[in-house]
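Asker: The structure follows.
2 protein chains.
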Amino acid sequence: MELLKKRISQSGKVIGNNILKVDSFLNHQLDVELFQAIGREFQRRFADEKISKILTIEASGIGIACITAQYFHNVPVVFAKKFTAKNLNDDVYESKVYSYTKGVSYLIRVDKNYLQAEDNILIIDDFLANGQAVLGLLDLARQAGARVAGVGIVIEKSFQEGRELILKENVRLESLARIKSLEENKITFMD
Amino acid sequence: MELLKKRISQSGKVIGNNILKVDSFLNHQLDVELFQAIGREFQRRFADEKISKILTIEASGIGIACITAQYFHNVPVVFAKKFTAKNLNDDVYESKVYSYTKGVSYLIRVDKNYLQAEDNILIIDDFLANGQAVLGLLDLARQAGARVAGVGIVIEKSFQEGRELILKENVRLESLARIKSLEENKITFMD
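Taken in sequence, the protein lines are chains A and B.
Following our numbering, the numbering of the first sequence begins with 1 at its first residue and continues without gaps.
Following our numbering, the numbering of the second sequence begins with 1001 at its first residue and continues without gaps.
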């Protein structure tokens, strides 16, 4: 998606060889007009699927998921919540996610009322790096017996293992910008 | 806002005399079509203001803020992030917020790049109860020297002190549904 790649090149900040800071438009300050273009592009890519629900994770996935849902006939958005302590009731689907960035595990949780076996789910997130959050969301959807139509990612760091891990799960993955490298303080895209 | 009140009456669940659970449409599963109606209503109420930015707080404010921004010429949304530890750099505005629900204080933070003295800010949140989160957001906006045009709330629990505390700050407050009481397991609205 050229518009997005252009924006990343203009406004993204590289820190070390690994971190891409895009908080001026994607995950702290949010460019809603860009989100609309992102939503339309996700719709174009998943036009052959009858999506019934969008599943994402707090916090930075929520805005993108809500704007995107408008281009899928206003399907409901469900966001998984993050917790540090195990839950004691069984009204929720729960999965463990390891954060490489923070070096700790946390739990993600969705109320069982909001994921159904009949659902055809599109998983949306802002970033794909090691893929652990998306694998956790996949796990929640599968616990519900739902079908996952695919995963839509805004920025994929293709030099990390997330992409491979998701494809290994036989799930369709659509990343709107794929980054090959952040080395030497330079953003290089795939292709 | 009648549509919203109707939805709260139909789908809200009262727990004790104090808690209103609306996670089927407002803060866990998100009804994007309802959010559009909410966004249009905020626009109608603040039509006399030239809003330059919407400020909210993670996580459940983000979806409403993004959908609402579309009715304000796609102004940027900025969400304050929550932290438990004090920051050591001075690139951020920071404010302390006490959570009555959890009985602990946390810090909210916005990068100084994303709030400007020229901004005319609309603060948006899903719930108003004790008002501490909104007071924290007001504090961040004022640290930046920005003007706050007003506060837009989806559901106000009018029997708690939040409303009074915000009005004391001389800030305009628009709540789309005002709840007078949750006593005896019944949702009673103001008026």
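The beta-carbon is built from N, C-alpha and C at its ideal position, and this holds for glycine as well.
Since we're looking at a predicted model, the values are computed, not measured.
What are the boundary residues of the beta strand (DSSP E) that includes T1056 of chain B?
Answerer: Taken as a continuous stretch (DSSP letters only), the beta strand (DSSP E) holding T1056 of chain B covers 1053-1057.
Asker: State whether the stretch 1093-1103 of chain B contacts the stretch 105-115 of chain A, with contact taken as three or more CB pairs (one from each stretch) at a distance under 8 Å.
Answerer: Touching, no.
Asker: Hey, I1124 of chain B and L1020 of chain B: beta-carbon distance below 8 Å or not?
Answerer: Not closer than 8 Å, so no.
Asker: Under 8 Å, with one C-beta from each stretch per pair, do the stretch 1043-1050 of chain B and the stretch 1079-1094 of chain B reach the 3-pair mark?
Answerer: The stretch 1043-1050 of chain B vs the stretch 1079-1094 of chain B: no contact.
Asker: Nearest by alpha-carbon distance to V1014 of chain B: which of B:D1091, B:M1190, B:E1184 is it?
Answerer: Among B:D1091, B:M1190, B:E1184, the Cα nearest to that of V1014 of chain B belongs to B:E1184.
Asker: Comparing alpha-carbon positions, which option in B:E1164, B:F1072, B:G1162, B:V1154 lies nearest I1008 of chain B?
Answerer: Ranking the options by Cα distance to I1008 of chain B, first place goes to B:V1154.
Asker: Determine the DSSP secondary structure at S1105 of chain B, reduced to helix, strand or coil.
Answerer: The answer is strand: DSSP assigns S1105 of chain B an E or B state.
Asker: For V65 of chain A, which residues of its own chain have a beta-carbon under 6 Å away from its beta-carbon, when the five flanking residues on both sides are left out?
Answerer: One detail in the question is off: residue 65 of chain A reads as Ala in this sequence, not Val. I54, T56, V77, I124, listed in sequence order.
Asker: What is the residue span of the beta strand (DSSP E) that S95 of chain A lies within?
Answerer: 92-99 is the span of the beta strand (DSSP E), which, as asked, contains S95 of chain A.
Asker: Hey, out of A:G150, A:G162, A:S158, A:E164, whose CA is closest to V171 of chain A's CA?
Answerer: The residue with the shortest Cα to Cα distance from V171 of chain A is A:G150.
Asker: Looking only at its chain, what residues have a beta carbon closer than 6 Å to the beta carbon of L210 of chain A, apart from the 5 residues adjacent to it on each side?
Answerer: This structure gives no information on residue 210 of chain A, because the portion of chain A shown stretches from 1 to 191.
Asker: Does DSSP put R1147 of chain B in a helix, in a strand, or in coil?
Answerer: If DSSP states are grouped into helix, strand and coil, R1147 of chain B belongs with the strands.
Asker: Please return the same chain residues whose Cβ sits closer than 6 Å to the Cβ of V45 of chain A, not counting the five positions on each side in sequence.
Answerer: Reading the sequence as shown, one finds Arg at residue 45 of chain A and not Val. Cβ neighbours of R45 of chain A beyond the five flanking positions: E174.
Asker: For S24 of chain A, which residues in chain B fall below 8 Å Cβ to Cβ?
Answerer: Under the 8 Å cutoff, chain B gives N1113, Y1114.
Asker: Could you tell me the distance, in whole angstroms, from the CA atom of F189 of chain A to the CA atom of Q1116 of chain B?
Answerer: Using only the alpha carbons, I get a separation of about 33 Å.
Asker: Could you give the residue range of the alpha helix (DSSP H) that holds A1037 of chain B?
Answerer: Per DSSP, A1037 of chain B belongs to the alpha helix (DSSP H) from 1032-1045.
Asker: Does any CB atom of chain B fall closer than 8 Å to the CB of L107 of chain A?
Answerer: False, the Cβ-Cβ gap to chain B never drops below 8 Å.
Asker: Quick check on the burial criterion: 16 or more other C-beta atoms within 10 angstroms. Buried or exposed for H73 of chain A?
Answerer: Exposed is the call here.
Asker: Measure how close the beta-carbons of L88 of chain A and I108 of chain A come, nearest whole angstrom, since I'm counting them as under 8 Å.
Answerer: Their Cβ separation, rounded to whole angstroms, is 16 Å, which puts L88 of chain A and I108 of chain A out of contact at 8 Å.
Asker: Using DSSP with H/G/I as helix, E/B as strand and the rest coil, what is K1157 of chain B?
Answerer: Strand at K1157 of chain B.
Asker: Taking DSSP as the reference, what is the three-state secondary structure of A85 of chain A?
Answerer: Coil at A85 of chain A, not helix or strand.
Asker: Quick check: the Cα distance between G1131 of chain B and R163 of chain A, rounded to an integer number of angstroms?
Answerer: Each residue's Cα considered, the two are about 42 Å apart.
Asker: Determine the closest residue to I179 of chain A out of A:Q36, A:L167, A:K157, with distance taken between C-alpha atoms.
Answerer: Comparing Cα-Cα distances from I179 of chain A to each of A:Q36, A:L167, A:K157, the minimum goes to A:K157.
Asker: With 7 Å as the C-beta to C-beta threshold (strictly closer), list the residues of the stretch 38-58 of chain A near chain B in chain order.
Answerer: Listed in sequence order: E58.
Asker: Please work out which residues of its chain come closer than 6 Å, Cβ to Cβ, to G219 of chain A, disregarding the five sequence neighbours upstream and downstream, and give them in chain order.
Answerer: Absent from the structure is residue 219 of chain A, since the part of chain A shown begins at 1 and ends at 191.
Asker: Quick one: residues in its chain with C-beta nearer than 7 Å to the C-beta of V1148 of chain B, no 5 flanking neighbours on either side, listed in chain order?
Answerer: Hits under 7 Å: I1121, I1123, L1138, A1141, V1171.
Asker: On the CB-based measure, 16 or more other CB atoms within 10 Å of its CB, does G152 of chain A come out buried or exposed?
Answerer: Buried is the call here.
Asker: Quick one: is I187 of chain A near chain B, going by C-beta distance under 8 Å?
Answerer: With 8 Å as the cut-off, I187 of chain A does not count as an interface residue toward chain B.
Asker: Using only the alpha-carbon positions, how far apart do L182 of chain A and A1133 of chain B sit?
Answerer: Rounded to whole angstroms, L182 of chain A to A1133 of chain B spans 37 Å at the Cα level.
Asker: At a CB-CB cut-off below 8 Å, which residues of chain A make contact with E1033 of chain B?
Answerer: Near E1033 of chain B (Cβ distances below 8 Å), the residues of chain A are N74.
Asker: Determine the contact status of I1038 of chain B and L1128 of chain B, defining contact as a CB-CB distance below 8 Å.
Answerer: Going by C-beta atoms, I1038 of chain B is not nearer than 8 Å to L1128 of chain B.
Asker: Measuring only between beta-carbons, confirm whether L137 of chain A sits less than 8 Å from chain B.
Answerer: No, L137 of chain A lies away from the interface with chain B (no Cβ there is under 8 Å from its Cβ).
Asker: Give a yes or no on whether the C-beta atoms belonging to A85 of chain A and V1032 of chain B are separated by under 8 Å.
Answerer: No. Outside cutoff.
Asker: Going by DSSP in three states, D1111 of chain B sits in which element: helix, strand or coil?
Answerer: Reduced to three states, the DSSP call for D1111 of chain B is strand.
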